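A quick write-up on the structure given underneath.
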Amino acid sequence: MRLPCGPASTPLLWILCGVLAGLGSPMAARLPRQNQTCWEEEKEYYEPRVGVCCTRCPPGMYVSTQCDGTQDTVCAACPEHSFNEHWNHVKQCQMCRPCDTVLGFEEVAPCNRTHQSQCRCQPGTSCFFWDSKCAHCQPLLPCPPGTEVDTAGEHDEGPPRCLPCKAGFFQNASSPSARCQPHTSCEDRGLVEAAPGTLETDRICQSPPQPPDAPGTGAALLALALLALLVLVSSLTCACAWRSHPTLCRKLGSLLKRRPQAEEFSSGPVPKVNPPVPDLVWPLLPDPEDVPPPPLGTPRTPILETARLQQQSPVGPPREPEVEAGEPGPVATGKSRQACGPRQGRGKG
């Protein structure tokens with residue numbers, strides 16, 4: 003609905019049309035409260051010249067034209083190397099401050115229209131004089147062994163403090179940047195603790211001790227080694243002797259087998275001796291005096307010699323003499339039986 007604001011309108015209509023035209027203009031100023039405060043303090047400010055609240059400029063901008071009774075505040079962007087961080091009604095932006103390396107600073111973030119350059123002290127330095135802003139940096143004082151720099155109190159006034167290491171940590175250097183390190187874990191490395199750690203030294207580890215040998219183990223091992231060496235030498239000697247003198251080795255073996263029996267008999271009670279076995283061959287043998295001598299050139303038969311050796315030998319039963327093929331034995335003839343008769347008689351008498 004439009005009002006008739008023409009030349010024929012009454013004065014009251016002219017006043018009403020002027021008010022509506024003022025509300026529709028770019029002027030966004032608002033009437034203040036009774037105590038001359040604006041409704042949004044962050045984004046508005048009171049202009050006493052016109053008695054209204056004017057709009058502030060946002061961060062990164064400044065006031066190019068102030069508000070009056072006909073229009074609101076006109077804002078413009080900050081030029082390069084300048085900034086405004088907050089809502090404002092200033093007529094210029096702040097200049098960016100470079101991070102001066104001579105003063106001990108280094109840049110963390112560059113300057114832009116809404117933020118100042120972000121600077122900090124170089125490693126190994128800190129702000130000695132603290133105020134609203136850090137004026138300059140100076141070298142840190144070294145912390146003695148067993149302590150470290152208090153990084154939690156970095157923004158407190160005064161130089162950084164040195165705090166002692168916590169339990170289970172150590173620091174063995176005098177340095178402004180050294181940090182406390184945890185003690186070495188001997189168990190994780192398969193070792194045992196030789197010396198505990200302190201605030202200034204690390205824990206000392208060593209290999210676990212070996213279990214002691216049982217008493218007499220060394221002597222027993224030495225005796226076994228000597229015995230094995232003796233058996234080896236004896237075996238080699240016997241092997242060499244067997245190849246060179248097999249008869250000697252057989253006699254030596256028989257002697258070694260009989261010796262324990264003799265020792266056993268001598269140490270214990272005397273065993274009963276079995277009765278002698280009667281010689282059944284000797285009465286059948288001819289008397290050497292009755293046998294005629296063999297002719298010259300004829301080899302002597304070993305019958306009598308073999309029989310005598312068997313009679314004299316104490317080991318084993320007597321064996322019958324061997325008779326060569328084609329020769330009659332002494333038992334086969336009657337004369338031999340008759341000849342043996344008187345011999346037996348003489349033996350009994």
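Numbering-wise, the sequence shown is residues 3 to 351 according to my numbering. Virtual Cβ for every residue (Gly too), placed ideally from N, Cα, C. Only a predicted model underlies this, so the values are computations on that prediction, with no experimental measurement involved.
Do residue j and residue i come within 8 Å of each other at the CB atom, strictly closer than that value?
i: Tyr48; j: Gln38; result: yes
i: Cys98; j: Phe85; result: yes
i: Leu105; j: Gly126; result: no
i: Cys145; j: Pro178; result: yes
i: Phe172; j: Thr153; result: no
i: Asn90; j: Arg115; result: no
i: Val364; j: Pro213; result: Since the displayed the chain opens at 3 and closes at 351, residue 364 lies outside it and no answer follows.
i: Val110; j: Cys121; result: yes
i: Cys129; j: Cys113; result: no
Using only alpha-carbon positions, find the residue among the options that is nearest to residue i.
i: Ser119; options: Glu87, Leu142 and Thr127; result: Glu87
i: Val92; options: Gly62, Gln140 and Cys242; result: Gly62
i: Gln124; options: Arg115, Cys101 and Pro112; result: Cys101
i: Thr149; options: Val235, Lys135, Val194 and Ala175; result: Ala175
i: Asp190; options: Arg205, Ala222 and Arg122; result: Arg205
i: Pro147; options: Lys168, Ser128, Lys135 and Gln140; result: Lys168
i: Asp70; options: Glu44, Thr239, Cys55 and Trp41; result: Cys55
i: Glu82; options: Ser236, Gln68 and His117; result: His117
i: Arg181; options: Glu44, Gly192, Glu202 and Pro198; result: Glu202
i: Gln183; options: Ala197, Thr219 and Pro166; result: Pro166
i: Pro162; options: Leu223, Phe131 and Thr67; result: Phe131
i: Gly53; options: Leu231, Ala241, Leu228 and Cys40; result: Cys40
i: His185; options: Gly170, Ser246, Ser237 and Ala197; result: Gly170
i: Arg51; options: Pro60, Gln68 and Glu42; result: Gln68
Starting from residue i, trace the beta strand (DSSP E) both ways and give me its first and last residue.
i: Arg428; result: Residue 428 lies beyond the range of the chain shown here (3 to 351); nothing can be said about it.
i: Ala111; result: Phe107 to Ala111
i: Val65; result: Met63 to Thr67
i: Val54; result: Val54 to Thr57
i: Thr149; result: Thr149 to Val151
i: Glu42; result: It is not in any beta strand (DSSP E) - Glu42 carries neither H nor E in the DSSP assignment.
i: Ala197; result: Val194 to Ala197
i: Val76; result: Val76 to Ala79
i: Cys207; result: Ile206 to Gln208
Given 7 Å as the limit, tell me if residue i has its C-beta closer than that to any heavy atom belonging to the ligand NAD.
i: Ala175; result: What this structure holds is no ligand at all, so the ligand NAD is not there to describe.
From the DSSP output, which residues share a beta bridge with residue i?
i: Phe172; result: Gln183
i: Pro166; result: Thr149
i: Pro141; result: Thr127
i: Glu49; result: Val54
i: Asn90; result: Cys59
i: Ser84; result: Met97
i: Ser177; result: Cys145
What distance in whole Å lies between the Cβ atoms of residue j and residue i, which are believed to be in contact at a cut-off of 8 Å?
i: Val65; j: Thr72; result: Contact flag wrong, Cβ pair sits at about 16 Å.
i: Cys164; j: Val151; result: 6 Å
Does chain D have any CB closer than 8 Å to the CB of residue i?
i: Cys56; result: Annotation note: the requested chain D is absent from the structure, which comprises a single protein chain.
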